[in-house]
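Taking the numbering used here, the leading residue of the sequence shown gets 179, the next gets one more, and so forth. Where is the CB? At the ideal position from N, CA and C, for every residue including glycine.
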Amino acid sequence: MRLNCKTGILSSVGSSFFSCNSSIVYCTINGPIDSQKHNKECIIEVKWSEGTIINHKRIDRYYSYILTEILSIYIIKEYLPYKTLYIDFHCIGSDNLLFCAVNAALLAILDASV
């Protein structure tokens, strides 16, 4: 298994790159931005885009949901009330994508100091 990672690679608040064998994931974090919704804790918006699947709307929503649930554990949302955090994933490959995405997100969160 060959792993590679980098942080601060794009011009956003936090960004990272994580690869495992043939799977590559780029993660960017934008925010925290003032939220239109009046929640007392931070809202996490995850967008997943995968470059290898043609009809991917359902898969995108599935991965977005799973990653939102996972990342909600690691972000202390009470420290960012009335804010929204946007996390975007751009993926290439087919195996180990969720593993790569979680690691890329955690690296980007550290890079963003959230």
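Between residue 284 and residue 265 the beta-carbon gap is near 11 Å, outside 8 Å, which marks them as no contact. Annotation for residue 281: 196 place their beta carbon closer than 6 Å to its own, counting only its chain and skipping 5 residues before and after.
Secondary structure at residue 191: coil, using DSSP grouped into helix, strand and coil. In the three-state DSSP reduction, residue 227 falls in the strand class (E or B).
In this structure, residue 206 lies near residue 188, with their beta-carbon atoms less than 8 Å apart. The Cβ atoms of residue 268 and residue 201 lie no closer than 8 Å to each other. Taking the Cα of residue 273 as reference, the smallest distance to any Cα among 199, 185 and 191 is reached at 199. For residue 203, the enclosing beta strand (DSSP E) has its first and last residue at 201-212. Residue pairing by DSSP places residue 198 opposite 181 and 201 in a beta bridge.
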